[in-house]
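Enquirer: The numbers in the sequence shown follow the working numbering, run straight up by one, and end at 384. All C-beta atoms, glycine included, are put in the ideal place defined by N, C-alpha and C.
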Amino acid sequence: MAHLPQWVCRGPTKAEVNLANFRENVKTFRRIADDAGTLLMAVIKTNAYGHGLVPIAHAAIKAGADRLGVTTMEEGVLLRENDIDAPIHLLSPIIPEQAEDTVTYDLTASVSSCEQAKAIHTAAISQQKIVPVHLKVDTGLHRFGIAPEYALDFCRWCYHLSGLYWEGIYTHFSTANNKYRKTTEAQFTLLMDTITGLNDYGYHFPIRHAGASTIALRRPDMHLDMIRPGIALFGYTPDIQHQALTSIRPVMSLKSRILQVRSLPPGTPVGYGGSYITTERETLAVVPVGHGHGYKRALSNNGEVLIRGMRAAIVGEISLDQLIVRITHINGVSEGDEVVLIGEQGADEIFAREIAEHAQTIVDDVLSSLMERVYRVYK
Ligand SMILES: *Cc1c(COP(=O)(O)O)cnc(C)c1O
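#1: Ordered along the chain, which non-local residues of its own chain (more than five positions away) have a Cβ less than 6 Å from that of P255?
#2: Mind the definition here: the segment 179-198 touches the segment 106-123 only if three or more C-beta pairs lie below 8 Å; say whether that holds.
#3: Going residue by residue through the segment 84-135, where are the continuous alpha helix (DSSP H) segments of at least 4 residues, counting only ones entirely within it?
#4: How big is the Cα-Cα spacing for S258 and V294?
#5: Taking the straight line between their C-alpha atoms, what separation do you get for I125 and V108?
#6: What does the shell around ligand 1 hold, if a residue joins when its beta-carbon is under 6 Å from any heavy atom?
#7: Along the alpha helix (DSSP H) that carries K384, what are the first and last residues, could you check?
#8: Which same chain residues end up closer than 8 Å to R148 when comparing Cβ atoms and leaving out the 5 residues on each side of it in sequence?
#9: Where are the beta strand (DSSP E) runs, 3 residues long or more, that stay fully inside the segment 146-208, in chain order?
#10: Pick out whichever of V291, M78 and S339 has its Cα sitting closest to the Cα of A318.
#11: How about the segment 328-339 and the segment 361-379: do they share at least three Cβ pairs that are nearer than 8 Å?
#12: Out of curiosity, what's the CA-to-CA distance linking E285 and T333?
#13: Under 8 Å, with one C-beta from each stretch per pair, do the segment 260-277 and the segment 32-41 reach the 3-pair mark?
#14: Restricting to Cα atoms, I'd like to know which of G57, V116 and L304 is closest to E172.
#15: What beta strand (DSSP E) runs, 3 residues minimum, are completely inside the segment 294-350?
#16: Rounded to whole angstroms, what is the Cα-Cα separation between I282 and R267?
#17: If you check the beta carbons only, do E21 and K301 fall under 8 Å apart?
#18: What does DSSP give as the partner residues of Y281 in its beta bridges?
#19: For the segment 43-58 and the segment 68-80, state whether three or more C-beta atom pairs, one from each stretch, are separated by less than 8 Å.
#20: Which of the three DSSP states, helix, strand or coil, is assigned to S373?
#21: Which complete beta strand (DSSP E) runs does the segment 21-92 hold, if anything under 3 residues is left out?
#22: Along the chain, where does the alpha helix (DSSP H) containing R224 start, and where does it finish?
#23: Among the candidates V338, Q246, E349 and R233, whose CA atom is the shortest distance from the CA of L45?
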């Protein structure tokens, strides 16, 4: 929506991104990285978990991130087009047709097959470059990566491709939280054994890395040469039990205003399908936020928002662009009043964690679902 003329008055629904909190969070990880002498990659994939890729990228670099991690080549190109010079890693494999652009824009690809290695090598040779790549090893997530038992064969076939510089090797754990400590330790050992095995045959990878948010916060013994926090930069630990152990702060607020106040008699069905029926004379407020903004539809008859510092329950089905809340118990509400869907108001707060629990999902999903069409304000 960047093309909207500046003078046009925007609607009330906006996401406020607290860049000061974000920078403090990055600095927390900068200190962790400095303590162990490792590199810091700020993972800002998926539109920076919904916070807006480009402004977050600039803030991350300014706060001390050495590198950035994204998922797609398109995200990487967007960053280059917006003057980001730091190394940018693509954490998902590219398709062969994207190899040329990957090389042109100096993006660091993750390689998990010979075909990918050869496509990038060919593009590098045609552009007379030697490009850094990182080998991805599958230690148990069973998503991308080469199987450890195939790593040596892979290197025999692909390590010496002259367009490639094997700058790094890495894995991504399947279950880094406390409950699965043993699984993570086994996966870490598998990575280390694989690296040692390759070193024995002369295949070296200077930057070894494994840890995302949880490992970065909790397991310095697994930091290796680089940490890769993502969601924690935005204020949330993947494991709820770790939240109180860190100083990281949420970055995103979602705010709107009441568009209409209604007083309805008992027995009135509300919203599509009439899944909520008033039990007494009730005062309801219409808020212009819906699942078309990326606000989870599972919060229908199930979530809460803040109005005048008090909680108001969502009643009825959430529509594409609106939801309805019950405000019978809140005095003096009028049209235009502020509604906080994520964030603080008065003495209360609703964080993405609470929404995730109501919607039976994870914080990453709640935040990264927020659509581009939600106007973002950077503070
Ligand atoms: C998403 C991702 C991360 C960051 O994970 P968080 O749990 O959000 O910190 C790190 N590494 C890879 C490969 C990823 O895909």
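Expert: The short version:
#1: G240 and F356
#2: no
#3: 104-109 and 119-131
#4: 13 Å
#5: 7 Å
#6: V48, K50, L96, H177, A217, S218, R233, P234, G235, I236, A237 and P243
#7: No alpha helix (DSSP H) holds K384; DSSP gives it neither H nor E.
#8: H177
#9: 169-175
#10: V291
#11: no
#12: 10 Å
#13: no
#14: V116
#15: 309-312, 315-320, 328-331 and 343-350
#16: 14 Å
#17: no
#18: V275
#19: yes
#20: helix
#21: 44-48 and 72-75
#22: From DSSP, R224 is part of no alpha helix (DSSP H); its letter is neither H nor E.
#23: R233
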